[in-house]
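The C-terminal residue of the sequence shown carries number 257 in our numbering, and the numbering is unbroken. Every residue, glycine too, gets a C-beta built ideally from N, C-alpha and C. The model shown is predicted, which means the values in this text are computed figures rather than measured ones. Working notes, beginning with the structure itself.
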Amino acid sequence: MNTDEVSRRPLVAILSGAGISTDSGIPDYRGPNGLWRRDPEAEKLVTYDYYMNDPDIRRRSWLMRGENPVFRARPNAAHEAVVRLARSGVPVRVLTQNVDGLHQAAGLADRKVLELHGSARSVVCTGCAATSTTEAALRRVAAGEQDPACLECGGILKTATVMFGQPLDPAVLAAATAVAQACDVFIAVGTSLQVHPAAGLAGLAADHGARLIIVNAEPTPYDGQAAEVVREPIGRALPALLDR
Ligand code: NAD
Ligand code: APR
């Protein structure tokens, strides 16, 4: 995203979290059926130090990725409503914590999406930074490799996501911060707003005068700052809100 776009004051910023993708069959993290609630050990699989230092964690991660719904999922009514809003001419910027690529799969232009936690659709070498597709790495896993190494340098491969213990990409965070400060309406959807710095963007937007709207089944720490809290299923509530 270039700064020209930000200076034209994006009207609507949408901070999305795992809850926008549960209707696509991808479980969230902290909701009633969230991944962390089912298996507290699952958090280790997405913690950088464990991943880098424990080959067994990597083997389990690759096995899980083979079954990961992220790679089969299709966008749902909520992702489609965001695209409709953008196509209606309203300037929209999506700041997403999701790594599933479903906003873009629904038809939202890449330049309108900032992936705060990276993407699970590509892999990066932790040694030489070479990138390739997750699909190609998963083909190697299906063929029997338990912990596929970088084909360029033999280094450890991981998905291009931000794991616990890794910083967010500073350029992406700076662009998201500029959007939060400049927008008129900030909608947080499907996020428990518990993970920083992403969650803090909601407070930042409200502090800069944006109308903060929260669409989420469960309470969040930012509900008190919101002009409107919609505690309903996103698949129905978000299209209704955006079409309005
Ligand atoms: P991975 O492909 O192994 O995915 C991790 C798990 O997240 C999968 O089981 C997947 O099904 C699940 N998931 C649930 N809801 C999801 C959604 N809406 N979008 C995408 N995935 C979803 O990838 P990985 O590299 O081992 O794990 C990285 C994960 O860690 C990412 O999901 C990322 O968002 C997350 N993460 C981010 C931070 C952060 O806040 N900085 C910290 C820790 C973890
Ligand atoms: N309708 C309404 N709300 C829903 C729906 C739905 N269909 N599905 C889930 N939710 C709500 C849940 O109640 C929960 O409060 O969405 C919220 C999702 O919150 P989290 O699971 O905490 O997901 P998120 O906020 O995206 O997590 C932030 O944490 O581990 C990291 O990196 C990971 O990006 C992720 C970050």
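Query: Check: glycine 213 C-beta below 6 Å from any heavy atom of the ligand APR; Result: no
Query: Assigned exposure category for cysteine 141 - 16 Cβ within 10 Å defines buried; Result: exposed
Query: Where arginine 257 sits in the DSSP three-state scheme; Result: coil
Query: The ligand APR heavy atom lying under 6 Å from the CB of asparagine 81; Result: no
Query: Completely contained alpha helix (DSSP H) runs for the segment 106-170, where each covers 4 or more residues; Result: 115-118, 147-155
Query: For isoleucine 70, the first and last residue of its enclosing alpha helix (DSSP H); Result: 68-79
Query: Proximity of glycine 9 and alanine 91 at Cβ, strictly below 7 Å; Result: Look at the range of the chain in this structure, 14 to 257, and you will see that residue 9 is not part of it.
Query: Local Cβ density within 10 Å of phenylalanine 177, reported as buried at 16 or more and exposed below that; Result: exposed
Query: Euclidean distance between Cα positions of valine 228 and arginine 249; Result: 11 Å
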